[in-house]
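Peer 1:
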Amino acid sequence: MNSDSIISIENLTVNLMTTRGIVCAVRGVDLEIRKGEIHGLVGESGCGKTMTAKSILRLHEENRTLYGGRIMLKKSDGAEVNILDIKKKELQSIRGREVAMIFQDPMASLNPLLTIGDQIGEMLKAHTELSSEKIGAKTLALLDMVGIKPAEERSRQYPFEFSGGMAQRIMIAMALSCDPQLLIADEATTALDVTTQAQILDLMKDLQRRIGMSILLITHNFGVVAEICDRTSVMYAGKIVETSSVQELFDAPHHPYTKALINSIPRSGRSGERLVTIPGAPPSLLQPIKGCAFAPRCQYAMEKCCQEPKMRMVKRGHGYACYLNDDREEAEHDG
Amino acid sequence: MKMKQKNLGHFFTVSMVISLILLTVIILASVFAAYVAPYEQAAIDMSKTFQAPSAAHWLGTDNVGRDILSRLIYGARVTLLSALVVVVISVIIGVPLGLISGYYGGKVDNIIMRVEDVILAFPALLLAFLFVASFGKSITNAIVALGIVYVPMISRLTRSLTLTERNKAYVEAAQSIGFSDTRILFRHILPNCVSTIITQMTLDIGYAILDLAALSFLGMGVQPPISDWGAMLEEGRAFIQISPLLCLAPGISIIVTVVLLNMLSDNIQMYLDQSQRKLPSFKKLRKMAGGLIEQ
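These protein sequence lines are chains A and B, in that order. Be aware that the first sequence starts at 7, since it is given in this note's numbering, and climbs by one per residue. Be aware that the second sequence starts at 241, since it is given in this note's numbering, and climbs by one per residue.
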C-alpha cells in the first residue's frame, strides 16, 4: 500500500449467489484511491461499479456473497485494516466515520418518518460522544455548509418537504458529518436534472477541497468525470480495463472500450448524424468469461484476445488491459 | 411567513366518531363500574329471580336475582382488560421476533417461523385449553395462553412488513452510515411498520374478546364470583328458555364491542393509508385553498 493512498483494493472478487446461479459481479479489481483525489469509476450499466463500491463498506448481504482479495483501508489513526476481514463491530465503526456513501435516489435514502435534523443528529450520536446541544449545533452547521437555509427551520422538516436536489444535499451533509476520509458517491447525481447536477457536483468539489477527503465517484456520465475527477478507472464486465488521469484518458485513451465510450458521448453541433454506439451488450456475468471480456464487441479483436490480457503500464499512473498498442503487437498489426 | 400545512382528509369520519364515543362510554363505564352500576355485581336477591326488564332492573335479573346490567358493567372490566393484556403480550413477544426473522432471514428466520408454524397448526382455542389444563384454571393462565397463541399472527405480519422495508434504500443508507442492527431495526424499520401493526392490534383485541369469552364459556377462564361476558353467557345458557335476556345481554355486548373495534381499526387504517383517506368535499377544498383554485 502506497503511503499516499487511503484505500487500496487488491484483486477483489465478489460472487453473489442468486436464484439464477452465481453471478461473478466483480472479477479481480485493483484500485487505489489516493488521499485528497476525486477518483471516477465509469462503465456501462451492470459492469460492477456499484458492486465494487458497496464492497468497500461490505454492504452486500453477508450470507449470499463470497468475497475474494483484499480491501486495505488506512484508518485515520494510521492503522491499516482489511475491510473484508474485520468483525462486524469494527465494520460499523468504519462505516460512516472513515468511509461514507451516498446513493442514487436521495429521497428513498432518507427515513420518511424522521425529521432531517434528527437523522443527521442520530448519525453524530452513533459515531461521536458529543453532548446533545453540541450535536444540535453541529447539525445546523452542516446543513448550512451544504446550502440548506434557514437551517434551523428546515432541520425540523421531513424528507418529503424537500426536492431531490435538496435531499441529496442533506445526504451529503449526513455523509460528511463525521469527517470521513473517503466519500463514495454512487451515481449521486444521476437522478437529478442537469442544473441541480452541476450544483451538487460543485458542492462536492468545493467541500472536498475544503475538507481534504477523497471521493470515489461512480457514474456512467463522462461529462461528470471531465468536470470534477482527478483520476478515472474504466470498468467492464467486473474488471478495470483502464486507469489514468482524466486529462490523459480523454487525450490518449488506450483501451478500445474507453475509446468507444468516449466516442459515444453525444456532441452538440452535429445534428442529423446518428449517435455513435457500441454494438452488442456487456456479457452475462452468470457464465465464466474466457479471455478478454470486451473481445466480442471489439473491432480490433485478435486471436490473442482469448487469453486474458494483463494490465500494462503506459507510464506511471496510466495502465490498461489490452494487447493493442503493445509495441510488438502493433508492428504485427500494421504489417 | 410560517404556514402550518393543513392536514387534508378527516381523521374523524362519522363511523370513527361513533365507534370512538361508544368505546369510550364502554371503557369509562367499566373503569368506574363501582359508581355506574346500580347494584353490586354479586348482590343476590332470591326474592327477585328471573325478573323482566323494569325501572329497577333495566335488563332484568338472573337465576339468583342479580342485576344483569350491573354484572354486564363489571364484566366489561375483566373482558376488556384481559383482551388488552392478551394483545400487549403478543405484541411484546411477536414484534421483535418478526423484526428479527424478517431482517436477518436464513437460519434464524427458519427457526422462528417453524416454531410459529407449529403454534399456528393447532386451533388457537385448543392450544389455550392445553395450557390452561396443564397450568390450572384461572384467568391469568387463560390470558397468558392466548397471548402466546396470538404471537404468530403479529410476528408474521411484522416479518412481512420488515421484508419489504429491509430492501428500501433508507435501510441501506442507514447500514452504510454504520448504525447497529438494533438501531436500524427499532428506530428505522419498526416506525415504518407501526401503522399496520396498530391496525392489526385493534383487530386482535376483538378476536381476544371472542376467544376469552369462549374460554370463560367453557369454564376455563374467569372463576366465580368474578364474571366476564363469556362466563355470563355460560351461566345464562341453562336458563335460555326461561329468560333469554341472560344470554342475549352479554352476547350482544360482545358483538357490539367487537364490531366497534373493527370499525375503529378500519378507520385507523384508512387514515394511515393516504390513498384510502376520505377527502373533504370539493367545496371545502376550494375554501381551504383560499382562492388558489380558479373558479
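All C-beta atoms in this analysis are idealised placements derived from N, C-alpha and C, irrespective of residue type, glycine included. Please read these numbers as outputs of a predicted model, since none were measured by experiment.
Do we get a CB-CB distance below 8 Å when we pair residue 173 of chain A with the residues of chain B?
Peer 2: no
Peer 1: Does the Cβ of residue 259 of chain B have 16 or more other Cβ atoms within 10 Å, making it buried, or fewer, making it exposed?
Peer 2: Residue 259 of chain B sits buried, since 16 or more C-beta atoms from the chains shown fall within 10 Å of its C-beta.
Peer 1: Verify the CB distance criterion: does residue 244 of chain B have a CB-CB separation below 8 Å to chain A?
Peer 2: Its pLDDT being 42, under 50, residue 244 of chain B is placed unreliably in this model, and the value from its coordinates should be taken loosely. False, the Cβ-Cβ gap to chain A never drops below 8 Å.
Peer 1: Measuring alpha carbon to alpha carbon, tell me which of A:305, A:306, A:322, A:328 ends up nearest residue 313 of chain A.
Peer 2: A:328
Peer 1: Is residue 98 of chain A close to chain B? Criterion is C-beta to C-beta, closer than 8 Å.
Peer 2: yes
Peer 1: Mark residue 463 of chain B as exposed unless 16 or more other C-beta atoms lie within 10 angstroms of its C-beta, in which case mark it buried.
Peer 2: exposed
Peer 1: Below 8 Å between beta carbons: does that hold for residue 368 of chain B and residue 455 of chain B?
Peer 2: yes
Peer 1: Three or more C-beta pairs under 8 Å: does that hold for the stretch 125-138 of chain A against the stretch 174-186 of chain A?
Peer 2: yes
Peer 1: Would a C-beta distance cut-off of 8 Å place residue 3 of chain A and residue 307 of chain A closer than the cut-off?
Peer 2: It is not possible to answer for residue 3 of chain A, since the shown part of chain A is limited to 7 through 341.
Peer 1: To which residues of the same chain is residue 284 of chain A closer than 7 Å at the C-beta, ignoring the five residues directly before and after it?
Peer 2: 266, 270, 303
Peer 1: Against chain B, with Cβ distances strictly below 8 Å, would residue 228 of chain A count as a contact?
Peer 2: no
Peer 1: Please check the pair residue 236 of chain A and residue 45 of chain A, which I expect to be a contact at CB under 8 Å, by giving their CB distance rounded to whole angstroms.
Peer 2: In this structure residue 236 of chain A is in contact with residue 45 of chain A, their Cβ atoms being roughly 7 Å apart against a cut-off of 8 Å.
Peer 1: Thinking just about the alpha-carbon of each residue, which of A:137, A:94, A:76, A:65 is nearest to the one in residue 107 of chain A?
Peer 2: A:65
Peer 1: Are there 16 or more other CB atoms within 10 angstroms of the CB of residue 356 of chain B, so buried, or fewer, so exposed?
Peer 2: buried
Peer 1: For residue 320 of chain A, does the three-state DSSP call read helix, strand or coil?
Peer 2: In the structure shown, residue 320 of chain A sits in a strand (DSSP, three-state: E or B).
Peer 1: Report the partner residues of residue 40 of chain A according to the DSSP bridge assignment.
Peer 2: The partner list for residue 40 of chain A (beta bridge, DSSP) reads A:11.
Peer 1: For residue 246 of chain A versus residue 36 of chain A, is the C-beta distance shorter than 8 Å?
Peer 2: yes
Peer 1: Along the beta strand (DSSP E) that carries residue 88 of chain A, what are the first and last residues, could you check?
Peer 2: Per DSSP, residue 88 of chain A belongs to the beta strand (DSSP E) from 86-88.
Peer 1: If the criterion is Cβ atoms closer than 8 Å, does the pair residue 119 of chain A and residue 407 of chain B meet it?
Peer 2: Cβ atoms of residue 119 of chain A and residue 407 of chain B: not closer than 8 Å.
Peer 1: Contact between the stretch 307-317 of chain B and the stretch 275-293 of chain B is defined here as three or more beta-carbon pairs at a separation below 8 Å; is this criterion met?
Peer 2: yes
Peer 1: Under 8 Å, CB to CB, which of the residues in the stretch 344-362 of chain B have a partner in chain A?
Peer 2: Near chain A, meaning a CB-to-CB distance below 8 Å, the residues of the stretch 344-362 of chain B are 345, 346.
Peer 1: So, helix, strand or coil for residue 80 of chain A, using DSSP?
Peer 2: strand
Peer 1: Using a Cβ cut-off of 8 Å (strictly closer), state whether residue 122 of chain A contacts chain B.
Peer 2: no
Peer 1: What number of angstroms, rounded off, separates the C-alpha of residue 18 of chain A from the C-alpha of residue 164 of chain A?
Peer 2: Computed Cα separation, rounded: 39 Å.
Peer 1: Does any CB atom of chain B fall closer than 8 Å to the CB of residue 322 of chain A?
Peer 2: no
Peer 1: If you run the structure through DSSP and keep just helix, strand and coil, what is residue 190 of chain A?
Peer 2: strand
Peer 1: Interface residues of chain B around residue 69 of chain A at Cβ under 7 Å?
Peer 2: 346
Peer 1: Would you list the residues sitting across from residue 18 of chain A in a DSSP beta bridge?
Peer 2: A:35
Peer 1: Tell me, please, whether the CB atom of residue 300 of chain A is closer than 8 Å to any CB atom in chain B?
Peer 2: Closer than 8 Å: no.
Peer 1: Would you tell me roughly how many angstroms separate the C-alpha atoms of residue 24 of chain A and residue 52 of chain A, rounded to the nearest one?
Peer 2: Approximately 15 Å between the Cα atoms of the pair.
Peer 1: Consider the Cβ of residue 109 of chain A: report whether some Cβ of chain B lies at a distance smaller than 8 Å.
Peer 2: Residue 109 of chain A belongs to the set of residues whose beta carbon lies under 8 Å from a beta carbon in chain B.
Peer 1: Who are residue 251 of chain A's beta bridge partners in DSSP?
Peer 2: Beta-bridge partners assigned by DSSP to residue 251 of chain A: A:237.
Peer 1: Quick check on residue 426 of chain B - is its C-beta less than 8 Å from some C-beta in chain A?
Peer 2: no
Peer 1: Please decide whether residue 117 of chain A counts as near chain B, where near means a Cβ-Cβ distance under 8 Å.
Peer 2: yes
Peer 1: Terminal residues of the continuous alpha helix (DSSP H) containing residue 106 of chain A?
Peer 2: First-last for residue 106 of chain A: 105-108, but that is the beta strand (DSSP E), not the alpha helix (DSSP H).
Peer 1: Taking Cβ positions only, does residue 241 of chain B come closer than 8 Å to chain A?
Peer 2: The pLDDT assigned to residue 241 of chain B is 35, lower than 50, so where the model puts this residue is not dependable, and the model offers no usable value.
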